[in-house]
Amino acid sequence: MLIHTRTQPAGATTVNVTRQRGPELGRLVSEARQGSIKAFDDIYRSLAGQVASYLRWHRATDPDGLTNDVFAQVHRNLPRFEGDEHGFRSWVFTIAHHRMIDDRRRANRQPQLQDDLGVEEHMGLGDVEDDAFAVLAHDRVRDLLTVLSPDQRDVVLLRIIADLSVEEVARMLDKREGAIKALQHRALGTLRRHLDRMAGAA
Amino acid sequence: MGDLSERDVEDVLGGVQPPGRDDLAPVVELTTWLHVSREIEPPPAMRDDLFCQIEDGLRIYQRSSRRTPAHLRHRRTTTRRVRETLAGSGRPIVSVAAAAALLVGVILAVRAGGPAHEPSAFVSPAARGLPGTGADATTTTTTAPTTTSPPTSAPEPVAPADAGSTVGDSEQSTTADGTTESPTSTTDVRTRGPQSGDDDATPPTTEERGRERDDAAVDSNGPGGRVQPPPTADATDDTGAWNLPLSGWDFDLSDWAQAKALWAALEAAERGEPGDLRDDAASDGDSDGDQRNHRRSDVGDGEREGGEDGMSEPQDVGDAERERSPSD
Chain A
23 MLIHTRTQPA
33 GATTVNVTRQ
43 RGPELGRLVS
53 EARQGSIKAF
63 DDIYRSLAGQ
73 VASYLRWHRA
83 TDPDGLTNDV
93 FAQVHRNLPR
103 FEGDEHGFRS
113 WVFTIAHHRM
123 IDDRRRANRQ
133 PQLQDDLGVE
143 EHMGLGDVED
153 DAFAVLAHDR
163 VRDLLTVLSP
173 DQRDVVLLRI
183 IADLSVEEVA
193 RMLDKREGAI
203 KALQHRALGT
213 LRRHLDRMAG
223 AA
Chain B
62 MGDLSERDVE
72 DVLGGVQPPG
82 RDDLAPVVEL
92 TTWLHVSREI
102 EPPPAMRDDL
112 FCQIEDGLRI
122 YQRSSRRTPA
132 HLRHRRTTTR
142 RVRETLAGSG
152 RPIVSVAAAA
162 ALLVGVILAV
172 RAGGPAHEPS
182 AFVSPAARGL
192 PGTGADATTT
202 TTTAPTTTSP
212 PTSAPEPVAP
222 ADAGSTVGDS
232 EQSTTADGTT
242 ESPTSTTDVR
252 TRGPQSGDDD
262 ATPPTTEERG
272 RERDDAAVDS
282 NGPGGRVQPP
292 PTADATDDTG
302 AWNLPLSGWD
312 FDLSDWAQAK
322 ALWAALEAAE
332 RGEPGDLRDD
342 AASDGDSDGD
352 QRNHRRSDVG
362 DGEREGGEDG
372 MSEPQDVGDA
382 ERERSPSD
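Laid out in structure tokens, this is it:
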């Protein structure tokens with residue numbers, strides 16, 4: 023089932039997005055487990071962008087390559103997967119999170135020569151002005167995320183990018199739900215204070 | 062931030078501004094941008110390995126989750142096929158063996174003054190008028206002596222390729238002393254030879270090795286070659302011609318008694334018979350003899366139980382027959 027979600031930003035910007043969730047994703051997972059190549063391809067098309075975005079916000083060295091690695095592992099382990107569409111989504115992002123941690127460890131061992139090349143080209147919207155604003159906004163958001171602690175950033179990105187519930191994030195990060203709620207509460211407070219200081223400085 | 066309720070947090074994380082909370086507008090804008098970036102992020106291009114993995118199906122990964130992707134397996138199979146093709150030909154090994162045999166033969170021939178001394182030493186059995194050689198005698202192979210197993214007996218008549226057509230003559234071989242033996246007796250010699258030793262668990266005897274060399278010589282002679290019985294007479298009594306079937310060249314070494322004596326001494330040493338092999342080799346100044354002696358010193362002691370008189374195989378056979386006949 024395709025659900026058209028209308029997101030209403032504070033700046034009166036209207037964005038129409040299309041998500042595949044619910045019974046549609048569950049049906050695709052069921053068909054993919056039975057060996058349907060098309061079903062797995064549809065799963066890839068619906069989730070690979072989100073996984074790549076999650077990895078990109080975490081400043082992974084090669085988000086696209088890691089996304090391929092994630093789905094290669096998903097494909098290998100799919101016959102052993104048991105659960106519904108929510109569990110499948112949580113499972114995919116758990117793999118992505120682990121890949122991101124591995125990539126971060128590798129990056130710490132090997133100094134990074136270039137910083138996040140190719141982000142802007144993936145954020146292109148087709149218009150030069152929009153692209154410019156998109157780049158500025160992306161850089162601004164990325165800078166804002168740096169003010170968060172790693173745990174707070176993990177929780178915020180998993181809640182927003184991965185679209186996971188508090189319970190799923192707690193299970194993924196091996197924390198209690200109360201700890202997750204506290205982390206996201208503190209993360210939003212930190213962001214608001216930082217934005218207020220920036221507005222006061224301007 | 063204590064004024065944020067749990068519902069407000071959920072609204073902000075969902076990109077929705079809580080009612081009456083304009084102070085949260087910048088944060089809501091941030092979370093909204095995150096939502097938008099997630100939705101507009103295109104799926105990255107699928108790599109080839111992932112594509113092949115998906116196309117290969119899920120069945121193979123149900124058997125093993127660590128199976129190599131299809132394109133890598135195909136590459137390995139191709140590599141293996143090429144290796145098998147190269148190894149299956151066996152040409153390098155055959156070429157090296159043939160080149161080595163040819164080189165040793167040339168060295169022996171040059172030392173003996175073979176082709177230079179007697180350029181027309183090759184005498185076909187038909188030209189000799191030996192018995193059992195018909196019109197097809199030119200297709201037959203001469204006696205067994207090769208560079209690796211020199212004969213200790215006289216030259217033997219050439220057996221025709223079609224042995225059945227000349228059974229009466231071709232199944233006989235003439236020894237150096239003029240006696241005639243049937244091939245059956247010589248075969249017995251070859252089979253009874255190892256029995257002269259007491260230990261059955263000894264390493265392969267020299268006769269077995271010589272048999273392997275004979276087989277190799279037959280292989281090198283081509284499909285028309287025929288296994289000739291080993292020489293049965295003493296080398297010192299040899300007055301016949303030696304013909305070495307080396308790449309179409311036959312060398313007559315009949316006048317090289319010194320070399321034959323050396324080979325006889327080597328054969329005696331292989332059988333465990335005491336002899337002055339080193340002295341002979343040293344006196345000849347033949348370093349090859351020393352090398353052969355070193356190589357053949359690997360033969361176990363169990364093989365060196367033959368007679369000490371330097372007699373060759375027929376006498377061993379005779380001993381064996383003599384030992385066996387009373388028991389029978």
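Line order of the protein sequences matches chains A and B.
Each position in the first sequence, counted from 1, maps to that position plus 22 in our numbering.
Each position in the second sequence, counted from 1, maps to that position plus 61 in our numbering.
All residues carry an ideal CB built from backbone N, CA and C; glycine is no exception.
As the structure is a computational prediction, the values presented were derived from the model and not from experiment.
Any chain A beta carbon closer than 7 Å to residue i
i, result
"Met62(B)", "Confidence is the limiting factor: at Met62(B) the pLDDT is only 49, short of 50, which leaves the residue's position unreliable and the question unanswerable from this model."
"Pro105(B)", "yes"
"Val70(B)", "yes"
"Ser98(B)", "yes"
"Arg108(B)", "yes"
"Val88(B)", "yes"
"Leu164(B)", "no"
Minimum Cβ-Cβ distance from residue i to chain B less than 7 Å
i, result
"Leu217(A)", "yes"
"Gln132(A)", "no"
"Thr168(A)", "no"
"Ile65(A)", "no"
"Asp152(A)", "no"
"His207(A)", "yes"
"Arg181(A)", "yes"
"Phe115(A)", "no"
"Phe62(A)", "yes"
"Asp138(A)", "Note that Asp138(A) has pLDDT 49, beneath the 50 cutoff, so the model's placement of it is unreliable and the number below is only indicative. So, not an interface residue."
"Val163(A)", "yes"
"Gly200(A)", "no"
"Gly71(A)", "yes"
"Asp86(A)", "yes"
"His97(A)", "yes"
"Ala192(A)", "no"
"Arg214(A)", "yes"
"Ala94(A)", "yes"
"Ser75(A)", "yes"
"Thr83(A)", "no"
"Ala223(A)", "no"
"Leu158(A)", "no"
"Glu143(A)", "Its pLDDT being 48, under 50, Glu143(A) is placed unreliably by the model, and nothing is read from it."
"Leu50(A)", "no"
"Met122(A)", "no"
"Leu210(A)", "yes"
"Ala204(A)", "no"
Where the alpha helix (DSSP H) through residue i begins and ends
i, result
"Ser75(A)", "59–79"
"Thr310(A)", "Residue coverage of chain A in this structure runs from 23 to 224, which leaves residue 310(A) outside it and unanswerable."
"Glu328(B)", "318–331"
Within-7 Å CB hit, residue i to chain C
i, result
"Leu74(B)", "Here chain C cannot be found, since the structure's protein chains are A and B."
**Asked** Can you list, in chain order, the stretches of the alpha helix (DSSP H) that have 4 or more residues and sit fully within the region 131–215 of chain A?
**Response** Correct list: 141–144, 150–167, 172–182, 188–195.
**Prompt:** Using 8 Å as the Cβ pair cut-off and three pairs as the minimum, do the region 99–115 of chain B and the region 67–76 of chain A touch?
**Reply:** With the cut-off at 8 Å, the region 99–115 of chain B and the region 67–76 of chain A touch.
**Length at least 4, wholly inside the region 65–120 of chain B: the alpha helix (DSSP H) runs in chain order** = Those alpha helix (DSSP H) runs which fall completely within the region 65–120 of chain B and span 4+ residues are 67–74, 86–101, 109–116.
**Request:** For the region 153–162 of chain A and the region 109–124 of chain A, state whether three or more C-beta atom pairs, one from each stretch, are separated by less than 8 Å.
**Result:** Contact check between the region 153–162 of chain A and the region 109–124 of chain A: fewer than three CB pairs, one atom from each, fall below 8 Å, which does not count as touching.
**Asked** Does the region 53–69 of chain A come close enough to the region 119–131 of chain A to have 3 or more Cβ pairs within less than 8 Å?
**Response** Result no; under three Cβ-Cβ pairs closer than 8 Å.
**Message:** Pairs of beta-carbons, one from the region 95–105 of chain A and one from the region 204–213 of chain A, closer than 8 Å: are there three or more?
**Reply:** Cβ pair count under 8 Å is below three, so no.
**Message:** With three or more beta-carbon pairs closer than 8 Å as the criterion, would you say the region 164–174 of chain A touches the region 85–95 of chain A?
**Reply:** Too few Cβ pairs lie closer than 8 Å, so no.
**Message:** Does the region 210–219 of chain A come into contact with the region 83–96 of chain B, if we say contact requires no fewer than three beta-carbon pairs (one atom in each stretch) closer than 8 Å?
**Reply:** Contact check between the region 210–219 of chain A and the region 83–96 of chain B: three or more CB pairs, one atom from each, fall below 8 Å, which counts as touching.
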